[in-house]
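Sequence order for the protein chains is A and B.
Each residue of the first sequence is one higher than the last, beginning at 1 in my numbering.
Each residue of the second sequence is one higher than the last, beginning at 1 in my numbering.
Number of protein chains: 2
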Amino acid sequence: MQNNKKKAVVLLSGGIDSSTTAVYAIDEGFDIYAVTFFYGQKHSVEIDFVKKLCDCLKIDKRLIINIPAEIFSSSSLSSASGIEVPKNSDLESAGDIPSTYVPGRNILFLSYALSFAESIDARDIFIGANAVDYSGYPDCRPEFIDAFQAMANIGTKAGVSGDPFRINAPLLKLKKSEIIKLGVKLGLDYSLTHSCYDPDGNGSSCGKCDSCKIRMKGFKEAGVPDPTKYVKSR
Amino acid sequence: MQNNKKKAVVLLSGGIDSSTTAVYAIDEGFDIYAVTFFYGQKHSVEIDFVKKLCDCLKIDKRLIINIPAEIFSSSSLSSASGIEVPKNSDLESAGDIPSTYVPGRNILFLSYALSFAESIDARDIFIGANAVDYSGYPDCRPEFIDAFQAMANIGTKAGVSGDPFRINAPLLKLKKSEIIKLGVKLGLDYSLTHSCYDPDGNGSSCGKCDSCKIRMKGFKEAGVPDPTKYVKSR
Numbered sequence: 001m002q003n004n005k006k007k008a009v010v011l012l013s014g015g016i017d018s019s020t021t022a023v024y025a026i027d028e029g030f031d032i033y034a035v036t037f038f039y040g041q042k043h044s045v046e047i048d049f050v051k052k053l054c055d056c057l058k059i060d061k062r063l064i065i066n067i068p069a070e071i072f073s074s075s076s077l078s079s080a081s082g083i084e085v086p087k088n089s090d091l092e093s094a095g096d097i098p099s100t101y102v103p104g105r106n107i108l109f110l111s112y113a114l115s116f117a118e119s120i121d122a123r124d125i126f127i128g129a130n131a132v133d134y135s136g137y138p139d140c141r142p143e144f145i146d147a148f149q150a151m152a153n154i155g156t157k158a159g160v161s162g163d164p165f166r167i168n169a170p171l172l173k174l175k176k177s178e179i180i181k182l183g184v185k186l187g188l189d190y191s192l193t194h195s196c197y198d199p200d201g202n203g204s205s206c207g208k209c210d211s212c213k214i215r216m217k218g219f220k221e222a223g224v225p226d227p228t229k230y231v232k233s234r
Numbered sequence: 001m002q003n004n005k006k007k008a009v010v011l012l013s014g015g016i017d018s019s020t021t022a023v024y025a026i027d028e029g030f031d032i033y034a035v036t037f038f039y040g041q042k043h044s045v046e047i048d049f050v051k052k053l054c055d056c057l058k059i060d061k062r063l064i065i066n067i068p069a070e071i072f073s074s075s076s077l078s079s080a081s082g083i084e085v086p087k088n089s090d091l092e093s094a095g096d097i098p099s100t101y102v103p104g105r106n107i108l109f110l111s112y113a114l115s116f117a118e119s120i121d122a123r124d125i126f127i128g129a130n131a132v133d134y135s136g137y138p139d140c141r142p143e144f145i146d147a148f149q150a151m152a153n154i155g156t157k158a159g160v161s162g163d164p165f166r167i168n169a170p171l172l173k174l175k176k177s178e179i180i181k182l183g184v185k186l187g188l189d190y191s192l193t194h195s196c197y198d199p200d201g202n203g204s205s206c207g208k209c210d211s212c213k214i215r216m217k218g219f220k221e222a223g224v225p226d227p228t229k230y231v232k233s234r
């Protein structure tokens with residue numbers, strides 16, 4: 001049977017945002033090609049969550065791409081950095097970009113998605129970037145998404161041929177609680193997602209890093225039970 | 001001894017343009033970090049030329065990055081494509097982008113260079129893109145370089161912190177013969193470079209693909225002997 005659905009490349013990291021974006025894209029009627037990255041992140045357990053989620057959502061077109069750890073070595077998320085993931089920082093004190101910033105991460109991830117999309121003749125790329133409940137990363141803001149899309153349509157054959165790419169970031173302006181409510185509405189099981197930057201050896205979440213804190217706050221505000229397994233000491 | 005030179009990440013492919021760009025960047029006083037890609041290209045022999053060139057130029061900081069062949073599978077340069085590299089096409093008949101176009105290649109390559117540059121605290125990236133004697137690829141034009149640089153400075157910590165990246169493309173507006181003359185002036189030995197898209201099993205150049213034709217024309221117009229080993233039947 002011919003599949004007449006429009007193809008979309010979806011960046012999947014195993015977290016709340018990208019997982020919600022995937023169910024959103026499925027709900028919009030797209031045929032999903034998932035792309036995930038191993039880059040020496042301390043929380044590489046997230047890749048196991050991507051696999052479980054893809055199994056559950058019946059996404060069988062999946063690519064897992066290895067990026068050498070040297071590329072992101074200045075981030076505290078990288079096992080190559082020798083820097084500890086910050087804990088118990090004050091989420092409300094906006095301003096500085098934290099050490100968990102990964103240099104040009106979404107630029108590199110979107111570039112992979114773009115080349116893959118053009119190769120398979122897809123024009124839609126989905127990314128779970130979010131500029132509300134986030135850590136202040138520059139590559140999660142609307143102006144970045146706009147700049148990347150503009151650049152993509154200047155630097156590709158499809159773009160200059162009048163058949164442009166769309167960088168879809170449907171969660172960009174939602175609060176974390178709104179994202180969770182949307183996912184619940186679309187039937188997403190959040191026990192298949194992982195957020196912690198610094199899980200223990202059993203994959204339990206620390207409950208203290210920015211990503212855990214944003215996650216906990218999101219579930220609380222959404223009035224949805226948090227299915228996450230946190231370490232007991234928190 | 002402390003190295004006080006400014007760092008630069010240089011994309012090196014083994015061809016005339018990127019090799020000339022490397023000697024140019026060295027001549028400008030930069031400390032070079034070379035980045036090269038294996039992406040299932042039929043002419044992966046070019047990577048051997050990069051190694052020889054780096055040995056000769058004493059560039060010891062080198063990264064060779066593997067990109068899965070699926071990412072660029074629609075290009076005739078990819079061994080995953082099943083498409084033959086076109087031969088004996090008419091270089092003068094501009095217009096269509098040829099099948100040797102690799103989807104979003106310079107976007108992905110520059111994105112790697114950008115993340116690596118931010119990780120090692122470099123702000124200069126060099127690429128041998130050239131918009132004069134080229135094959136009409138959209139990601140070799142000045143407007144693409146400008147768009148990438150603008151996007152990079154919106155999507156990175158350094159960029160938004162007022163310490164922007166520079167995408168240097170010093171050959172952008174030179175003819176191939178002018179590039180060769182520049183390289184000869186800077187002491188580059190072009191026998192350490194490779195251009196052919198479809199070399200034979202011994203690494204000899206076909207003399208018939210666009211890249212060979214542009215190379216041969218360049219040496220002829222520059223009045224410089226072409227050191228390339230071409231297959232005898234051409």
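Using N, Cα and C, we set each Cβ at its ideal position, and we do this for glycine too.
Please read these numbers as outputs of a predicted model, since none were measured by experiment.
Does the beta carbon of residue i come closer than 8 Å to any beta carbon on chain C?
i: asparagine 168 (chain A); result: No chain C appears in this structure, whose protein chains are A and B.
Can you give me the Cβ contacts of residue i inside the same chain, cut-off strictly under 7 Å, excluding the 5 residues immediately before and after it?
i: glutamate 70 (chain A); result: Ala80
i: asparagine 66 (chain A); result: Phe38
i: asparagine 88 (chain A); result: Lys208
i: valine 45 (chain B); result: His194, Pro199, Gly203
i: asparagine 3 (chain B); result: Asp31
Hey, how far is the Cα of residue i from the Cα of residue j?
i: valine 50 (chain B); j: lysine 175 (chain B); result: 22 Å
i: arginine 215 (chain A); j: threonine 20 (chain A); result: 13 Å
i: glycine 218 (chain A); j: serine 195 (chain A); result: 12 Å
i: leucine 186 (chain A); j: alanine 113 (chain A); result: 24 Å
i: serine 191 (chain A); j: alanine 152 (chain B); result: 35 Å
i: glycine 40 (chain B); j: glycine 203 (chain B); result: 16 Å
i: lysine 220 (chain B); j: glycine 155 (chain A); result: 31 Å
i: phenylalanine 109 (chain A); j: serine 76 (chain B); result: 24 Å
i: serine 211 (chain A); j: aspartate 96 (chain A); result: 16 Å
i: lysine 58 (chain B); j: threonine 193 (chain B); result: 16 Å
i: proline 199 (chain B); j: phenylalanine 165 (chain A); result: 34 Å
i: alanine 158 (chain B); j: serine 205 (chain B); result: 42 Å
i: isoleucine 145 (chain A); j: valine 184 (chain B); result: 42 Å
i: glutamate 84 (chain B); j: serine 111 (chain A); result: 26 Å
i: isoleucine 107 (chain A); j: proline 68 (chain B); result: 18 Å
i: leucine 12 (chain B); j: serine 99 (chain A); result: 30 Å
i: lysine 213 (chain B); j: proline 86 (chain B); result: 12 Å
i: leucine 171 (chain B); j: glycine 14 (chain B); result: 15 Å
i: valine 243 (chain A); j: glycine 29 (chain B); result: Past the edges of chain A, shown from 1 to 234, lies residue 243 (chain A), and the structure says nothing about it.
i: arginine 234 (chain A); j: aspartate 90 (chain A); result: Bear in mind that the predicted position of arginine 234 (chain A) carries a pLDDT of just 45, short of 50, making it unreliable; the figure below should be weighed with that in mind. Straight-line Cα distance between these residues: approximately 16 Å.
i: lysine 7 (chain A); j: serine 74 (chain B); result: 16 Å
i: isoleucine 47 (chain B); j: aspartate 133 (chain A); result: 44 Å
i: isoleucine 167 (chain A); j: lysine 173 (chain A); result: 15 Å
Can you list, in chain order, the residues of its chain whose CB lies under 6 Å from that of residue i, leaving out five sequence neighbours each side?
i: valine 10 (chain A); result: Ala22, Ala25, Ile32, Ala34, Phe126
i: alanine 222 (chain A); result: Ser177, Ile180, Lys181
i: arginine 62 (chain A); result: Ala34, Cys54
Please identify the residue among the options whose C-alpha is closest to the C-alpha of residue i.
i: phenylalanine 148 (chain B); options: B:Ala169, B:Ile180, B:Leu12; result: B:Ala169
i: valine 102 (chain A); options: B:His194, B:Ser115, B:Ile107, B:Thr100; result: B:Ser115
i: lysine 5 (chain B); options: B:Asp17, B:Ser18, B:Asp27, B:Ser19; result: B:Asp27
i: aspartate 17 (chain B); options: B:Asp200, B:Asn153, B:Ala131, B:Arg62; result: B:Ala131
i: aspartate 189 (chain B); options: B:Glu46, B:Lys52, B:His43; result: B:Lys52
i: glycine 162 (chain A); options: A:Ala150, A:Ile83, A:Asp48; result: A:Ala150
i: leucine 201 (chain B); options: B:Tyr134, B:Ser73, B:Lys42, B:Ser78; result: Here residue 201 (chain B) turns out to be glycine, not leucine, going by the sequence shown. Of B:Tyr134, B:Ser73, B:Lys42, B:Ser78, the residue nearest in Cα terms is B:Lys42.
i: serine 251 (chain A); options: A:Thr36, A:Arg105, A:Cys56, A:Lys173; result: This structure leaves residue 251 (chain A) out entirely; chain A is present only between 1 and 234.
i: isoleucine 64 (chain B); options: B:Phe72, B:Gly82, B:Thr36, B:Ala129; result: B:Thr36
Between residue i and the rest of its own chain, which residues show a CB-CB distance below 8 Å, the 5 nearest in sequence each way excluded?
i: glutamate 143 (chain B); result: none
i: cysteine 56 (chain B); result: Asp189, Leu192
What residue ranges within the stretch 49-113 of chain B form continuous alpha helix (DSSP H) runs of no fewer than 4 residues, ordered along the chain?
-> none
Can you give, in chain order, each stretch of the alpha helix (DSSP H) that sits fully within the stretch 144-197 of chain B and has at least 4 residues?
-> 157-160, 176-185
Evaluate contact between the stretch 226-233 of chain A and the stretch 125-144 of chain B, counting only Cβ atoms and requiring at least three cross-stretch pairs below 8 Å.
-> no
Touching or not, the stretch 117-134 of chain A and the stretch 116-125 of chain B, by the rule of three or more beta carbon pairs under 8 Å?
-> no
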